[in-house]
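J.: One structure, pasted below without further comment.
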Amino acid sequence: MKAAPFAYVRPPTLDDVLAELGGGDGKVLAGGQSLVPVLAMRLGRPATLVDVTAVPELTEYGPDARSGYRVAAAVRQRVVEHDPAARDVPLIAMAMPFVGHRELRSRGTVCGSLAHADPAAELPAVACCLDAQVEVSGPGGARTVPAKEFVTGAMTTAAGPEDVVTAVTFPAARPGDGFGFAEIARRHGDFALAGVVCRVQVADSGAVRSAVLTGFGISDRAVTRDVTALLATGESEEDLRPATTELAAALVDTGGDTHGSTGYRRRLFAVLAARELSRALRRAREGRTTA
Amino acid sequence: MTAAPERHDTGSRRVPAPVARVAAHETAEVTFVVNGTETTVEVPPRAHLGDVLRERLGLTGTHLGCEHGVCGMCTVLLDGEAARACLLFAVQCEGAEIVTVEGLGSPDDQHPLQQAFSAHHALQCGFCTPGMLMSSYDLLANEPETAEEDLPEAMSGVLCRCTGYRGILAAVSDVAGTYPDGVPEPRGCAPRMLVGRSAASRPGDAPEDTAAAAPQLSEVRLPSGPPSAVVDVTSQLTSPVDRVWAVLTDFDLLARCLPGAQLVESYDEDRHRGRATVALGPVKLSFEGLAQVVERDPDTHRLRFHGQGKDTGGSATSADVVLAATPTADGGTELTAHADVHLSGRVAQFGRALAGDVSRRLFEQFAAGVDEAAETGSVSEVSLARRLRLAAGAARDAAVGALRRTAHRVRDRIRHGNA
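Given below as structure tokens:
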């Protein structure tokens, strides 16, 4: 399990990173916790690894002026996990313990999870559910892409081979928000067999204003739906189950494998979705967002 | 050593310096601190840290299992946080501070986690143990607030296939209870000898034409950890003390008294570059290195020097040697040699006993050579050959001794097992 030979460079500026990626046979290396296994198994043989961790502006993280929490490309998951300012985005703290293991989060990056775009990964799902904005730089300049448009398929994104994801901004929680997160995996730290992320917003009266649900591990990418109407069918897990079961039939299209059939994943999704939507609604009404 | 991370000021925040492009088949010099010792290795980009620790620095305590980030065997501390050594290329580690299980504690001074693993039978085959220790150190040092019921999930980053985890969790829980505010720092991080070059000898720091200049004092650095072997040999020589002392102060002659040693170059009276070959049956090691006299007392006939050498195959040795000549009543000389011998890399796997036996026999032959040189002013080729055969004998004796000891241990174990 040794990677095939590659050239390595750790440029000092973003411009240098883009210059190194020019030609398209390079690959961005930040934490490497998803990339290096691919190299070790020789599923990929990039000519050059362009390490972005020395670029000063890519090491920034913290509250963003536009009322969100911004994480640049070289910021490790564990840094965000322990950053008190990240509590503005409660789903980060809810999802992070499920992202690999502690030993992987100490190196893995938030932007790297997005750029890798594993269909069963937690952080892309959180980004899609919250409508996070992904900043991408490339030969044509910098652009911002909504997370839902950024992920275009299994391990495929809107970032081309000469692009680099520079940052992601997660919108902060607002009053009246309630969140839910759950996943089922064979072992803690594994990619999910099925998982859900949701955000429910209620008015002062307690009426549901909006509800968004993202499922992951159930298709070739995280799938996001507006479920405001669905929440009209009930508030408890039991009451919501028929609607989420129907939703599962529409959304869960991943093929079965040794760990679970498509039917099993549908059932997982239906149960988790009903449970977490119900919880998120209760939290929103009680003004607790998460607990 | 600053191995102990500050709480929550995590090492994952460290921003590395830029690195110019290293082509796929070129090597790059990477300098990092391993277990408290700064070291420089020259590696191709694709060499992962686990391989470099094991193959280049001789730190085989870090195990390799799956080599793609799943099993956790290779877990080490990188800037105070647990990380998979197989998912890190060594070129990414410039300036990093790495602690391996060798740095956590030593056989004589185990870390509380190691003691707890022992007490709770948290290891059976031992393969996952280094990973478990480094992972649990990270957990207890950086996230000491982890609740007992969360330990199974918190410790799920390293797989064990034989103990069933109960003992491991009991050990971690025990230490967590004893040190609620975080575990004590790693205990084995005193400067020590590594096979990699010290940063002091980096080419590029000095112009090419000075590369062959006298070695800097810092090049001959002695490790401060416990030696692999301690040798005390006393020999009765027939030559009078003055003549013995004359040999001891003539480094060229002195080198020839040691079987297999050869003086390559003397920079000044006290600093010498040399070569030494050691042949033990099929084992042939060729050390290139430096010797530096640090003490020379004509009144007490005492000579102390530090030596260090490196073998191309990834072994290193260094020694702190004190030679003292004392006149005896019969006009002869008693020559005592005391040496703290440090071994690292593959040669260290011979074990302390064998290393001690071989070193002792070499010193006995060395004393015979000194006696001959004191008497005749030179060391004859014939006696060199004879002594080389002796060296082979020493190897055989040492090997037989080691086998005997192993047999004893096995028998003891069987006895205890039956008891």
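Protein chains in written order, with the working numbering: chain A, 19 to 309; chain B, 291 to 709. Glycine included, C-beta positions come from ideal geometry on N, C-alpha and C.
1. With a threshold of 9 Å between beta-carbons, can A/His277 be considered close to chain B, or not?
2. Does A/Tyr26 have its Cβ less than 9 Å from a Cβ in chain B?
3. Output, in chain order, the set of chain B residues within a Cβ distance shorter than 8 Å of A/Arg125.
4. What residue does the beta strand (DSSP E) around B/Phe595 start on, and which one ends it?
5. Report the residue from A/Gly213, A/Ala210, A/Gly178, A/Tyr282 whose alpha carbon sits nearest the alpha carbon of A/Leu39.
6. Rank B/Glu345, B/Leu644, B/Gly621 by C-alpha distance to the C-alpha of B/Ser518 and give the top, closest one.
7. Using CA coordinates, which residue listed in A/Ser296, A/Glu294, A/Val152, A/Ala139 is at the minimum distance from A/Phe168?
8. Taking only beta carbons into account, state which residues of the segment 333-344 of chain B come closer than 9 Å to chain A, listed in chain order.
9. Counting only runs of 4+ residues fully inside the segment 385-449 of chain B, write out the alpha helix (DSSP H) ranges in chain order.
10. What separation, rounded to the nearest whole angstrom, lies between the Cα atoms of A/Gly305 and A/Asp34?
11. In terms of residues, what are the limits of the beta strand (DSSP E) holding B/Glu345?
12. Could you pull the start and end residues of the beta strand (DSSP E) that B/Thr528 belongs to?
13. With DSSP collapsed to three states, give me the class of B/Thr500.
14. Do the CB positions of B/Gly359 and B/Arg374 come within less than 9 Å of each other?
15. Look up A/Cys216 in the DSSP assignment and say whether it is helix, strand or coil.
16. Which residues of the segment 24-54 of chain A have a Cβ closer than 7 Å to any Cβ of chain B? Give them in chain order.
17. Can you give me the C-alpha to C-alpha distance between A/Leu231 and A/Gly274, rounded to a whole angstrom?
18. So which residues on chain A does B/Val309 lean against when the C-beta distance must stay under 8 Å?
19. For the segment 196-230 of chain A, which residues have a beta carbon sitting closer than 7 Å to at least one beta carbon of chain B?
20. Using only the alpha-carbon positions, how far apart do B/Gly301 and A/Lys166 sit?
21. Applying a beta-carbon distance threshold of less than 9 Å, which residues of chain B neighbour A/Thr350?
22. Checking contacts by CB at 9 Å: is A/Arg120 closer than that to chain B?
23. Going by alpha carbons, who is nearest to A/Gly44 out of A/Arg123, A/Thr66, A/Leu32?
24. Quick one: which chain B residues come within Cβ less than 9 Å of A/Arg63?
25. Is A/Pro81 close to chain B? Criterion is C-beta to C-beta, closer than 9 Å.
26. So who's on the other strand from B/Thr352, going by DSSP bridges?
27. Decide if B/Ser425 is buried, meaning its Cβ has at least 16 other Cβ atoms within 10 Å, or exposed.
28. How would you label B/Ser670, buried or exposed, when you count the other beta carbons within 10 angstroms and need 16 or more for buried?
29. Which residues in chain A have a C-beta closer than 8 Å to the C-beta of B/Ser425? List them in chain order.
30. Identify the continuous beta strand (DSSP E) that holds B/Glu316 and give its terminal residues.
31. Using 8 Å for Cβ pairs, my map puts B/His596 next to B/Leu652. What's the rounded Cβ distance?
32. Roughly how many whole angstroms lie between the Cα atoms of A/Asp82 and A/Arg28?
33. Could you pull out every residue in the same chain whose Cβ sits closer than 7 Å to the Cβ of A/His100, ignoring the five residues on either side in sequence?
34. Using the three-state DSSP reduction, which class does A/Glu24 fall into: helix, strand or coil?
35. Give me the Cβ distance between B/Val391 and B/Pro335, rounded to the nearest whole Å; I'm assuming they're in contact under 8 Å.
36. Might you give, ordered along the chain, the residues of its own chain that have their beta carbon closer than 6 Å to the beta carbon of B/Gly395, omitting 5 neighbours on each side?
T.: By the coordinates alone:
1. By this cut-off, A/His277 is not an interface position.
2. yes
3. Ser302, Leu368, Ala373, Arg374, Leu377, Leu378
4. Here the beta strand (DSSP E) through B/Phe595 covers 592-601.
5. A/Gly178
6. B/Leu644
7. For the residues A/Ser296, A/Glu294, A/Val152, A/Ala139, the minimum Cα distance to A/Phe168 belongs to A/Val152.
8. Pro334, Pro335, Arg336, Ala337, His338, Asp341
9. 391-394, 402-409, 419-432, 441-444
10. 47 Å
11. That residue, B/Glu345, is in no beta strand (DSSP E); it is neither H nor E in DSSP.
12. Run containing B/Thr528: none; DSSP gives neither H nor E here.
13. Legend: pLDDT at B/Thr500 = 36, less than 50; position of this residue unreliable, value from coordinates given subsequently. The answer is helix: DSSP assigns B/Thr500 an H, G or I state.
14. For the pair B/Gly359 and B/Arg374, the CB atoms are nearer than the 9 Å cut-off.
15. strand
16. Phe24, Ala25, Tyr26, Val27, Arg28, Pro29, Pro30, Gly50, Gln51, Val54
17. 22 Å
18. Tyr26, Val27, Arg28, Asp69, Ala72
19. Within the segment 196-230 of chain A, the qualifying residues are Arg205, His206, Gly207.
20. 32 Å
21. No answer is possible for residue 350 of chain A: it lies beyond the span of chain A, which begins at 19 and ends at 309.
22. yes
23. A/Thr66
24. Correct list: empty, because the minimum Cβ distance to chain B is about 10 Å.
25. no
26. Note: B/Thr352 sits in no beta bridge, so no partner.
27. buried
28. exposed
29. Arg120, Glu121
30. Taken as a continuous stretch (DSSP letters only), B/Glu316 belongs to no beta strand (DSSP E), as it is neither H nor E.
31. With 8 Å as the limit, B/His596 and B/Leu652 do not qualify as a contact, their Cβ atoms being about 17 Å apart.
32. The alpha-carbon atoms of A/Asp82 and A/Arg28 are separated by roughly 27 Å.
33. If we look at A/His100 and ignore the five residues flanking it on each side, it has no Cβ neighbours.
34. Before going on, a small fix: residue 24 of chain A reads as Phe here, not Glu. A/Phe24: coil per DSSP, three-state reduction.
35. Cβ-Cβ separation between B/Val391 and B/Pro335: approximately 26 Å, too far for a contact (criterion under 8 Å).
36. His401, Gln404, Arg477, Gly478
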